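Numbering (my numbering), first residue to last: 9 to 606.
Positions of the beta carbon are idealized from the N, C-alpha and C atoms, including for glycine.
It should be emphasised that the depicted structure is a prediction, and the values quoted were computed from it without experimental measurement.
Before any comments, here is the structure.
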């Protein structure tokens, strides 16, 4: 049964109320599907109430901010609805975060409580001393935490405590304009920012994807992380509004994908651009069309034809953002290859503008900007960051930081990102955050990160690194440093050593010049891990070559035979021994993804 909310007034666009209404209509029908079982609408509704009572007993109430660091599981869904019932604000956290990235989200969001899965709890002691306002850590499965609760550096309790306070309906009188979540997303410049999300924004985004994809009553397959807006809104909340189900798996697996689709009878899958090439690269099978899947959502429409030809499935692209939901899209079946659809006129006034915010004509590239036609269907700003908020909302437009063009029929086409962010494996990665971590390496003077096109329709990460004078550094060492501190999606594939970063007249790093070098930023000096020889990789751990030898490679960056960068101290005597062999291999940029495959 369709949950027809009043889209003209937004009345009823509240998470807790929608769940309550749908549970009354579909109480015994499955809402959440997992490989090992199902959970009905009624069960989710009652569990959310029970968990809300437990959270309230621990002091959580209206307006309080609560970090949620859980994997794809039923408890994630229960927590989101429990917090919504209390009028509290969820702060979903990337489960790969640790160290400074984790501290930045918890401190920047003013989270006073943290609900964390057992395996991730061991990351808390390292940051607890820099989180004076974090009051209580609630650990899911503390027995599997690997660290005792008393060693977390903050008061802590097991999640089972949330179920000890009875049942019964919970309601805090929440409205569509109230804050539902703070969702962290990479911005134009600087560190990741917390977009403030009203209930109306989350639910209108979910509602609109229903109409664009005709998802009513269907099962949506979700291999994406629930801490992302795409999975949480377009996936879980869309299934809720449509009276359907969401099939949740821990992560995307190409080998299990089609078996899962058949098991769950899934008609729509939540996807990112890189998933489709991976599936297309799998060996052909007689069962390629033996499945109920109809549509890939958030796929790239340019991949629609090969996907349709092989699997009989459509790929649909919209322009969707954490800050504003679905700004462009097309009604079901009216999709245009290569386009992210037409402006969603009911919600937004959409335009393409030049650098002075003047609208440009059809066929002319410019920045996609938008204004809401309804209240609270767009972020109310970046939490605690007034400067970023005013910068993005200048001239009464929300600036997406993305370059597009529009055809004569009003269809929009994405060109590239104008903002300093990298899109990799479905993650928006803040180049600023990545650079800050790499700059902490004692041998690094400074660095700059860019995205370069990958074969999976998104981007790989390249970092250009200037090494401290007199210090040695090889790419394997730098990547190992990153792997200890960063999520896997943020670890660079390419590492290039340079004498200096290109700069603008105002001394900013000229990343446009970096991207223009070679082939989309990968130069002739690029060490590509996919082409690295095992002997070269093995040698990278050896001692640094003499400074004089390393310095002989010239302006592209000094690199020894093993890829180790050494910046020489100023020479007091000229070189007297000529080099007997030119240093032509290996090039100066190294690719981590070849490691272990060469």
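| message | Does the region 134-146 come into contact with the region 28-47, if we say contact requires no fewer than three beta-carbon pairs (one atom in each stretch) closer than 8 Å? | response | no
| DSSP state of residue 463, grouped into three classes? | Numbered from its first residue, the chain shown carries residue 463 at position 455. The answer is coil: DSSP assigns residue 463 none of H, G, I, E or B.
| According to DSSP, what are the bridge partners of residue 278? | In the chain shown, residue 278 corresponds to position 270, counting from 1. DSSP output for residue 278 lists 305 as bridge partner(s).
| field | Candidates 448, 423 and 85: closest to residue 244 by CA position | value | Locating residue 244 in the chain shown gives position 236, counting from the first residue. Comparing Cα-Cα distances from residue 244 to each of 448, 423 and 85, the minimum goes to 85.
| request: Evaluate the contact criterion for the region 343-360 versus the region 380-393: three or more CB pairs, one atom per stretch, below 8 Å. | output: yes
| message | Using the three-state DSSP reduction, which class does residue 570 fall into: helix, strand or coil? | response | Position 562 of the chain shown, counted from the first residue, corresponds to residue 570. The predicted model places residue 570 with a pLDDT of 32, which falls under 50 and marks its position as unreliable; any figure quoted below should be read in that light. Residue state, collapsed to three classes: coil.
| message | Distance check for residue 495 and residue 337, CA to CA, integer angstroms please. | response | Here residue 337 is taken as the residue at index 329 of the chain shown, counted from 1. Here residue 495 is taken as the residue at index 487 of the chain shown, counted from 1. Each residue's alpha carbon lies about 31 Å from the other.
| Straight-line CA distance for residue 21 to residue 322? | As a first step, residue 21 is located in the chain shown; it is residue number 13 there, counting from the start. As a first step, residue 322 is located in the chain shown; it is residue number 314 there, counting from the start. Straight-line Cα distance between these residues: approximately 30 Å.
| With which residues is residue 424 paired in a DSSP beta bridge? | Within the chain shown, residue 424 is the residue found at index 416, counting from 1. Paired residues: 411.
| query | Taking Cβ to Cβ, would you say residue 295 is nearer than 8 Å to residue 171? | reply | Working through the chain shown from its first residue, we reach residue 295 at position 287. Working through the chain shown from its first residue, we reach residue 171 at position 163. No, these two residues do not count as a Cβ contact at 8 Å.
| said: So the candidates are 410, 250 and 226; which of them puts its Cα closest to the Cα of residue 272? | reply: Here residue 272 is taken as the residue at index 264 of the chain shown, counted from 1. Among 410, 250 and 226, the Cα nearest to that of residue 272 belongs to 226.
| field | Residue burial classification, residue 71 (beta-carbon count within 10 angstroms, cutoff 16) | value | Translated into positions along the chain shown, residue 71 becomes position 63. Per the 10 Å Cβ criterion, exposed.
| query | Touch check for the region 232-249 and the region 317-336: three-plus C-beta pairs under 8 Å? | reply | yes
| request: Please say whether residue 467 and residue 521 have beta carbons closer to each other than 8 Å? | output: Indexing the chain shown from 1 puts residue 521 at position 513. Indexing the chain shown from 1 puts residue 467 at position 459. Contact flag unset, no.
| Can you give the Cα-Cα distance for residue 565 and residue 505, rounded to whole angstroms? | In the chain shown, the residue the question calls residue 565 occupies position 557. In the chain shown, the residue the question calls residue 505 occupies position 497. The predicted model places residue 565 with a pLDDT of 34, which falls under 50 and marks its position as unreliable; any figure quoted below should be read in that light. Rounded to the nearest angstrom, the two C-alpha atoms are 5 Å apart.
| message | I'd like to check one pair, residue 68 with residue 96: are the Cβ atoms closer than 8 Å? | response | In the chain shown, counting from the first residue as 1, residue 96 sits at position 88. In the chain shown, counting from the first residue as 1, residue 68 sits at position 60. Closer than 8 Å, so yes.
| field | C-beta atoms of residue 386 and residue 429 nearer than 8 Å | value | Within the chain shown, residue 386 is the residue found at index 378, counting from 1. Within the chain shown, residue 429 is the residue found at index 421, counting from 1. Result no, Cβ atoms of residue 386 and residue 429 do not sit closer than 8 Å.
| field | CB contact below 8 Å: residue 251 versus chain D | value | Structure shown: chain D not included; a single protein chain is present.
| field | Alpha-carbon to alpha-carbon, residue 533 and residue 543 | value | Start at 1 with the first residue of the chain shown, and residue 543 comes out as number 535. Start at 1 with the first residue of the chain shown, and residue 533 comes out as number 525. Unreliable positioning characterises residue 543 in this predicted model, as indicated by a pLDDT of 31, which lies under 50. The coordinate reading is nonetheless provided below. Their backbone Cα atoms lie some 19 Å apart in a straight line.
| said: Quick check: what's the CA-CA separation for residue 509 versus residue 470? | reply: The residue you call residue 509 lines up with position 501 of the chain shown. The residue you call residue 470 lines up with position 462 of the chain shown. If I take the Cα positions, the gap works out to 13 Å.
| In three-state DSSP terms, what is residue 519? | By 1-based counting over the chain shown, the position of residue 519 is 511. Residue 519: helix per DSSP, three-state reduction.
| said: Could you tell me the alpha carbon to alpha carbon distance between residue 499 and residue 190, rounded to whole angstroms? | reply: As a first step, residue 499 is located in the chain shown; it is residue number 491 there, counting from the start. As a first step, residue 190 is located in the chain shown; it is residue number 182 there, counting from the start. So the alpha carbons of these two residues sit roughly 25 Å apart.
| field | Separation of residue 491 from residue 110, as counted between CA atoms | value | Against the chain shown, residue 110 aligns to sequence position 102. Against the chain shown, residue 491 aligns to sequence position 483. The alpha-carbon atoms of residue 110 and residue 491 are separated by roughly 15 Å.
| task | Could you tell me which residues DSSP pairs with residue 455 in its beta bridges? | result | Taking the first residue of the chain shown as position 1, residue 455 is located at position 447. Its beta-bridge partners are 473.
| query | Sorted by chain position, which residues of the same chain lie with C-beta nearer than 6 Å to residue 302's C-beta, five sequence neighbours on each side aside? | reply | Position 294 of the chain shown, counted from the start, is the residue given in the question as residue 302. Same-chain partners within the cutoff: 275.
| said: Let me confirm a value: residue 366 is counted as buried when at least 16 other C-beta atoms fall within 10 Å, else exposed. Which label applies? | reply: On the chain shown, residue 366 is found 358 positions in, with the first residue counted as 1. Result: exposed.
| Where are the alpha helix (DSSP H) runs, 4 residues long or more, that stay fully inside the region 309-368, in chain order? | 312-319
| request: Grab the span of the alpha helix (DSSP H) containing residue 489 for me, first residue to last. | output: In the chain shown, the residue the question calls residue 489 occupies position 481. Residues 483-493.
| In terms of alpha-carbon separation, which member of 519, 465 and 37 lies closest to residue 253? | One-based indexing of the chain shown puts residue 253 at position 245. For the residues 519, 465 and 37, the minimum Cα distance to residue 253 belongs to 37.
| said: Are the CB atoms of residue 297 and residue 319 within a distance shorter than 8 Å? | reply: Mapped onto the chain shown, residue 319 falls at position 311. Mapped onto the chain shown, residue 297 falls at position 289. In contact: residue 319 and residue 297 (Cβ atoms closer than 8 Å).
| task | Enumerate in chain order the residues of its own chain whose CB-to-CB distance from residue 523 is below 7 Å, with the five nearest sequence positions on each side excluded. | result | Numbered from its first residue, the chain shown carries residue 523 at position 515. Excluding residues within five positions, the ones whose Cβ falls inside 7 Å are 458 and 529.
| message | Can you give me the C-alpha to C-alpha distance between residue 17 and residue 344, rounded to a whole angstrom? | response | In the chain shown, residue 17 corresponds to position 9, counting from 1. In the chain shown, residue 344 corresponds to position 336, counting from 1. Spanning the two alpha carbons is a distance of roughly 31 Å.
| query | Name the DSSP beta bridge partners of residue 164, please? | reply | As a working note, residue 164 is residue 156 in the chain shown. Its beta-bridge partners are 145.
| What are the boundary residues of the beta strand (DSSP E) that includes residue 76? | As a first step, residue 76 is located in the chain shown; it is residue number 68 there, counting from the start. Its beta strand (DSSP E) spans residues 73-77.
| query | In or out: residue 65 buried (at least 16 other Cβ within 10 Å) or exposed? | reply | Here residue 65 is taken as the residue at index 57 of the chain shown, counted from 1. Exposed.
| message | For residue 169 and residue 87, I'd like the C-alpha separation in whole angstroms. | response | Numbered from its first residue, the chain shown carries residue 169 at position 161. Numbered from its first residue, the chain shown carries residue 87 at position 79. If I take the Cα positions, the gap works out to 13 Å.
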